[in-house]
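To start, the structure under review is shown below, and the notes come after it.
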Amino acid sequence: MESAVLFGAAVLLFIWGMYNYLGYRKEKKEIQKKYEELFKTENQRSSFIAKVGDRFDQTDYALELKKKLVQANIPILPSEFYAILIFIGFLMSILLFGFFNIPLIISAGISAIGMIAAYWFIFFIRKNKYTEQLNNQLSEACRLLGNATKSGMTITQGLEVVASEINSPAREEFKVLTQNLRLGLDFERALAEMEKRIKTREYKLFISALMIQKRSGGNLTKVLYEMAQTLEERKILRQTIKTATAEQRFVSYILPAMPIFLLFMLNNIMDGFIDLIFTVPGAILMTIFIIGMAVALILVRAVTNIKV
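Offset between the sequence shown (1-based) and this note's numbering: plus 7.
Following this line, the structure appears as structure tokens:
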């Protein structure tokens with residue numbers, strides 16, 4: 008009976024939390040849209056949670072976290088990211104206490120450790136996802152720019168077309184490039200600024216091709232089409248490698264979770280089973296387990312991360 012009540016409470020809290028979170032997201036998007044269209048600041052949000060989130064997003068720590076979220080290609084704000092982590096930790100505490108018969112203090116401690124581990128795990132798994140997405144879109148950008156130059160447009164006009172037609176996140180990068188050109192920045196300097204922002208081999212090649220064409224001329228359309236074809240082939244090859252190593256990566260994520268789940272199940276069957284972890288031998292074994300799982304995860308990632 009107690010487990011059913013706790014489960015029902017957890018479900019209701021989850022629904023309530025998601026409702027407030029979605030409303031918060033919708034409100035943020037509406038306000039941001041008004042700012043972009045009107046450039047006015049008369050309208051202020053009345054939600055206390057939203058105001059607290061805005062203040063946190065303006066802190067130095069949140070700005071650093073925002074850079075990590077961008078690199079991981081996670082399109083949420085730092086305040087939203089922490090709100091999700093805290094909610095998951097709270098829900099985990101209820102589940103551990105209600106279903107696995109783990110004391111509340113220990114459940115809270117495990118949830119806190121789980122939140123910290125989830126924080127680092129997310130950024131470890133999604134490292135450089137932003138640049139990967141940009142590289143995947145470069146072939147489309149080359150094709151759009153090639154079509155524009157083939158129809159008689161200049162390179163600057165072609166870049167405007169790319170900035171308006173391509174999807175995010177490449178759209179934002181090309182918009183910055185075209186805005187710099189509109190403000191009178193030299194063409195080569197604008198490309199150099201773009202190269203500083205996107206430090207990948209593919210974009211260095213793309214920028215070098217544009218600079219060479221600007222200096223000495225040549226058939227830029229043909230070069231862009233051939234570059235787009237090469238990038239498409241590289242993308243297919245990367246996807247093939249990713250598919251071939253998917254099973255190994257999936258197993259490396261599942262294996263560390265299985266012993267922990269079994270530990271909780273045994274504690275549910277045998278009261279006080281988890282107390283053995285807090286003894287000296289248990290702590291030593293737990294430390295060895297954590298180090299071994301971390302090393303195994305890093306090795307699997309290193310083996311399956313085949314660069315093309």
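For glycine and all other residues, C-beta sits at the position ideal for the given N, C-alpha and C. All of these numbers come straight from a predicted model, not from anything done at the bench.
Please list the terminal residues of the continuous alpha helix (DSSP H) segment that includes residue i.
i: Asn174; result: Counting along the chain, Asn174 falls outside any alpha helix (DSSP H), and DSSP gives it neither H nor E.
i: Ile281; result: Premise fails: Ile281 is in no alpha helix (DSSP H) and is neither H nor E.
i: Phe128; result: Leu111 to Ile132
i: Ile75; result: Strictly speaking, residue 75 in this sequence is Lys, with Ile absent from that position. Run containing Lys75: Asp67 to Gln78, per the alpha helix (DSSP H) assignment.
i: Met272; result: Ala253 to Ile276
i: Thr138; result: Lys136 to Lys157
i: Leu84; result: That residue, Leu84, is in no alpha helix (DSSP H); it is neither H nor E in DSSP.
i: Met218; result: Arg208 to Ser223
i: Phe107; result: Unbroken run through Phe107: none, as it is neither H nor E.
i: Leu198; result: Phe194 to Arg204
Please state whether the Cβ-Cβ distance between residue i and residue j is less than 9 Å.
i: Leu212; j: Thr185; result: no
i: Met122; j: Ile95; result: yes
i: Ile117; j: Met99; result: yes
i: Tyr210; j: Leu141; result: yes
i: Asn274; j: Ile93; result: no
i: Phe107; j: Met272; result: yes
i: Tyr137; j: Ala90; result: no
i: Val307; j: Gln246; result: no
i: Ser259; j: Ala290; result: no
i: Leu270; j: Ile261; result: no
Between residue i and residue j, which are expected to be in contact by the criterion C-beta below 8 Å, what is the C-beta distance as a whole number of angstroms?
i: Cys149; j: Met218; result: Their Cβ separation, rounded to whole angstroms, is 15 Å, which puts Cys149 and Met218 out of contact at 8 Å.
i: Ala155; j: Gln164; result: 6 Å
i: Ile7; j: Glu180; result: As shown, the chain starts at 8 and ends at 315. That puts residue 7 outside it, with no answer to give.
i: Asn187; j: Glu200; result: 6 Å
i: Lys249; j: Asn143; result: Contact flag wrong, Cβ pair sits at about 12 Å.
i: Lys75; j: Phe130; result: 6 Å
i: Phe88; j: Leu70; result: In fact, because the Cβ distance is near 13 Å, the residues do not count as touching under 8 Å.
i: Met293; j: Ile284; result: 6 Å
Only counting the same chain, and skipping five residues up and downstream in sequence, which positions put a Cβ closer than 8 Å to that of residue i?
i: Gln220; result: Ile162, Leu227 and Val230
i: Glu195; result: Met218 and Lys221
i: Lys134; result: Gln78 and Ala79
i: Ala119; result: Gly96
i: Ala125; result: Leu92 and Ile95
Taking 7 Å as the limit between beta carbons, can you name the residues of its chain near residue i, skipping five residues before and five after?
i: Asp64; result: Leu84, Pro85 and Ser86
i: Phe46; result: Reliability of the predicted coordinates at Phe46 is poor, the pLDDT of 49 falling under 50, and the value obtained from them is presented with this limitation in mind. Answer for Phe46: no residue qualifies.
i: Gln51; result: Residue confidence for Gln51 is low, a pLDDT of 48 falling below 50, so the modelled location carries little weight; the figure read from the coordinates is stated next. Within the same chain, Gln51 has no close Cβ partners at all.
i: Leu198; result: Ile214, Leu217 and Met218
i: Trp23; result: none
i: Glu147; result: Ile173
i: Ser114; result: Ser100, Leu103 and Phe104
i: Met300; result: Pro263
i: Val310; result: none
Take residue i and list the residues in its own chain whose beta-carbon comes closer than 6 Å to its own, dropping the five residues that flank it on each side.
i: Thr48; result: Because Thr48 carries a pLDDT of 45, less than 50, the predicted location of this residue cannot be relied on, and no value is offered for it.
i: Ile132; result: none
i: Ala251; result: none
May I ask you to check if the CB of residue i is nearer than 8 Å to at least one heavy atom of the ligand FMN?
i: Lys182; result: Looking at this structure, you won't find the ligand FMN or any other ligand, since it has none at all.
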